[in-house]
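Everything in the sequence shown is counted per the working numbering, starting at 7 for the first residue and increasing by one.
Just below is one structure, and these are the notes that go with it.
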Amino acid sequence: MAAVAGRAGLGLAGTVKVLGKRMEGMVSPVWVRCLFTRSNIPDSVFQPRPGDHEKYGGNPEEPHKIHVITRIKSVIGRPYWEKKIIRDLGLDKAHQPRLHKNIPSVNSRLKVVKHLIRIQPLKLPHGLPTEEEMSSTFLTTRGELIIKKRLKPVEQKEIKA
């Protein structure tokens, strides 16, 4: 009966039947859902920490404009809202980088799944690509947008003999 007193202490008072060595509760399973809801995420998760900029680099006065987001951990066993955010961000496959804007609506979603992802700024070592170069660009796992330089054929002049 100690278990019955423990359940009553949790606000789970209900009728309990004792059948031999096993106890069956007549309590509704609704109380189980409240343990795994989104409202139980502590507010400290959403508050900025003072040492984050020194630890991860970056300038808070001039933030980067585009995030390179990569999922590095599995979502198996994670809550449904984290799986939904990962799916909505396009991070279904692990280690496949995706680009997202650095805006508050995206950042608030990234904070919820920050333990499953890696966030890096987009680096442009060759500068912004032009319209012709867009087809020959690729994104590395380090967050660099590389432009493959294509050589143009040289026009040969006629040799007059």
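From the three backbone atoms N, C-alpha and C, an ideal C-beta is built for every residue, glycine too.
Only a predicted model underlies this, so the values are computations on that prediction, with no experimental measurement involved.
Bridge partner(s) assigned by DSSP for residue i
i: L134; result: Beta-bridge pairing links L134 to no other residue.
i: L151; result: L145
i: I75; result: R104, I125
Enclosing beta strand (DSSP E) for residue i [first to last residue]
i: H70; result: That residue, H70, is in no beta strand (DSSP E); it is neither H nor E in DSSP.
C-beta atoms of residue i and residue j nearer than 9 Å
i: L151; j: L116; result: no
i: L105; j: V74; result: yes
i: K158; j: T143; result: no
i: T147; j: P103; result: yes
i: V118; j: E161; result: no
Legend entry - Cβ contact check for the stretch 130 to 144 and the stretch 103 to 121: 3 or more pairs under 8 Å: no
Inset, instruction - Could you name each continuous alpha helix (DSSP H) segment of 4 residues or more that falls completely within the stretch 95 to 127, going from the start of the chain to the end? - result: 110 to 118
Inset, instruction - Spell out a yes or no on whether the stretch 118 to 129 and the stretch 68 to 83 are touching, meaning 3 or more CB-CB pairs, one atom from each, closer than 8 Å. - result: yes
Inset, instruction - Would you check if there are 3 or more beta carbon pairs closer than 8 Å linking the stretch 133 to 150 to the stretch 90 to 97? - result: no
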